[in-house]
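*Asks:*
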Amino acid sequence: MIIFKYSAINKNGSRCKGKVEADSIRVARELVRARGLTLLNIRKVNAINWYGRIKKTINKRELLVLTRQLAILTSASIPVDEALLALSQQTERKSVSITLEKIRNNIISGYSLSDSLESFPRDFNVLYRALIKSGESSGKLDLILKRLADNIEKSHLKKNKFIQALVYPVILILVSFAVISVLLTAVIPEVIEQFVFMKQNLPMSTKVLMSVSDFMNSYFSLLIMSTIIILIINYLGMRKLKYKSYVHGKLLNVVVIGKVIKKIHASRYIRMLAILCSSGIPLMQSMKIGLTVLTNESIKLEMKQGVSLVEKGASLSAALSHTNIFPPLARHMIYSGEKSGDLNVMLEKTADIIDEEFERVIEISMSIFEPALIIIMASLILFIVLSVLQPILLLNNMA
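So the sequence shown is residues 1 to 399, counted in the UniProt record's numbering.
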């Protein structure tokens, strides 16, 4: 059903407004007249609804599956509205099914698929909609959908690989922190108290441990509260573009982390350019749309400057050379693509090379970071154990 807004005159001669649901505008007019009203005007409610703007109903995994299945169905010459009906009926989540039904209703009403997707900007971003529109214009919607699905899958796999690399170190840090906190706040005070009661002369390491333990016991709750307050302030600050850009800029200067962030964004942007340009979207428009995939505000600001240079007549490779994001090899490959006329192909190859470098950086970083982390945590626990054992050994020697 489609919602229509109307204005009419009732039997008393007063002007009134209302809404009516119908399959078409013709049926909507008949329903209004059936209410005994004289219709003045009627129009379909804007396809861009508030629900789609504020609520995200489709996650990345679901978007991948839906895009892949839609590509298969459209390549089999099945109309888009029928394909959406089939997908909405087989999806498990009701919210996804409702979203697909709304998109299908818009298409039945005469809207294109790209226009219908504008009702749900949080589920289908600017890039997605632009590519769909390009596919509709060129008559290659099935191929565009396949490329979109491939790109979403690559992005999903890259994200999973990065998360998997961080799982072990994060668990190790959390467990070590929990063990050390329990030792310092519960175990150590009880043990040390016995030595103090016996008025035994304690080694320097034990005295240091006592000081740390006393500090933790006295200010542990304050430390927790301070951490929470700092996190809240940072969360609120990240809503401000100026603060967000400052934090993102500082992250780029952190060893290894900055390098990883740059490679992720460089690969993401170049791959988007490759997909957009090969889909028939002009370079200038592709560069502007590509900005939407950049989540680091500092990098986005640099790329906006690059877009401005291209607008003024500079080549893509020249514009990228003015940023500190793309490696020299990437810029040289893009330059070669511009000279040979195979820019789209070269952009795709450049993105693949940056992805390979990203994976290599992650592997090397983790191979160094994990053993180093184990050594640091083991050293801390060893220090605590030795600091407790030393007074015991001294006591035994005195006996």
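Glycine included, C-beta positions come from ideal geometry on N, C-alpha and C.
Check the C-beta distance from F358 over to P169 and give it rounded, since I have them as a contact under 8 angstroms.
*Replies:* Not really, about 18 angstroms apart at Cβ, beyond 8 angstroms.
*Asks:* Rounding to the nearest angstrom, what Cα-Cα distance links L127 and G290 in this structure?
*Replies:* The C-alpha of G290 is placed about 7 angstroms away from the C-alpha of L127.
*Asks:* By the DSSP assignment, the beta strand (DSSP E) with I42 in it spans what residues?
*Replies:* Residues T38 to K44.
*Asks:* Would you mind giving the Cβ-Cβ distance between V307 and M287, rounded to the nearest angstrom? I have them listed as a contact below 8 angstroms.
*Replies:* 5 angstroms
*Asks:* Does the beta-carbon distance from S75 to G280 come in below 8 angstroms?
*Replies:* Against a cut-off of 8 angstroms, the Cβ pair of G280 and S75 comes out as no contact.
*Asks:* Could you tell me the boundaries of the beta strand (DSSP E) in which K19 lies?
*Replies:* R15 to A22 is the extent of the beta strand (DSSP E) around K19.
*Asks:* Would you be able to state if there are at least three C-beta pairs under 8 angstroms between the region 291-306 and the region 336-344?
*Replies:* no
*Asks:* If you scan the region 156-202 from start to end, which runs of the alpha helix (DSSP H) of 4 or more residues do you find wholly inside it?
*Replies:* 188-197
*Asks:* Pick out whichever of Y269, P121 and H322 has its Cα sitting closest to the Cα of D352.
*Replies:* Y269
*Asks:* Does DSSP put P391 in a helix, a strand or coil?
*Replies:* helix
*Asks:* Taking its Cβ as the centre, do 16 or more other Cβ atoms sit within 10 Å of residue 401, making it buried, or is it exposed?
*Replies:* In this structure the chain extends from 1 to 399, so residue 401 is not present and cannot be described.
*Asks:* Would you call the CB atoms of E118 and R129 closer than 8 angstroms?
*Replies:* yes
*Asks:* Are the region 374-388 and the region 204-219 touching, with three or more C-beta to C-beta distances below 8 angstroms?
*Replies:* yes
*Asks:* Hey, could you find the ends of the alpha helix (DSSP H) P328 is sitting in?
*Replies:* P328 to S340
*Asks:* State the beta-bridge partners of I144 as determined by DSSP.
*Replies:* BP columns for I144 are empty, so no partner.
*Asks:* Based on the DSSP secondary-structure assignment, which residues constitute the bridge partners of A8?
*Replies:* C16 and L39
*Asks:* Please classify I261: is it buried, with 16 or more other beta-carbons within 10 angstroms of its beta-carbon, or exposed?
*Replies:* buried
*Asks:* Compare the Cα-Cα distances from I3 to each of I232, V27, S14 and M346 and report the closest residue.
*Replies:* V27
*Asks:* Spatial neighbours of S97 within its chain, please: CB distance less than 7 angstroms, with the 5 preceding and 5 following residues excluded, ordered by chain position.
*Replies:* S88 and T91
*Asks:* Please confirm whether S114 and I103 have their CB atoms less than 8 angstroms apart.
*Replies:* no
*Asks:* Kindly indicate the opening and closing residues of the alpha helix (DSSP H) around I25.
*Replies:* I25 to A34
*Asks:* For the candidate residues L172, S213 and M198, whose alpha-carbon lies nearest to that of P189?
*Replies:* S213
*Asks:* Determine the burial state of A178: buried for a count of at least 16 other Cβ atoms within 10 Å of its Cβ, exposed for fewer.
*Replies:* exposed
*Asks:* Could you give the DSSP three-state label for I58: helix, strand or coil?
*Replies:* In the structure shown, I58 adopts coil according to DSSP, grouped into three states.
*Asks:* Within 10 Å of its beta-carbon, does Y6 have 16 or more other beta-carbons around it, so buried, or fewer, so exposed?
*Replies:* buried
*Asks:* Would you kindly work out how many angstroms separate the C-alpha atoms of N10 and N105, rounded to a whole number?
*Replies:* 30 angstroms
*Asks:* Under the three-state reduction of DSSP, which class applies to I72: helix, strand or coil?
*Replies:* helix
*Asks:* Can you tell me whether DSSP reads I3 as helix, strand or coil?
*Replies:* strand
*Asks:* Given that a residue counts as buried once 16 or more other Cβ atoms are within 10 Å of its Cβ, and exposed if not, what is G52?
*Replies:* Caution is warranted here: a pLDDT of 45 is assigned to G52, below 50, making its placement in the model unreliable, and the coordinate value is therefore given only provisionally. By the 10 Å Cβ count, G52 comes out buried.
*Asks:* Just the Cα atoms here: how many angstroms apart are L320 and K349?
*Replies:* 16 angstroms
*Asks:* To the nearest angstrom, how far is the alpha carbon of V371 from that of V361?
*Replies:* For clarity, residue 371 is Pro in the given sequence; the question names Val instead. Roughly 16 angstroms between the two C-alpha positions.
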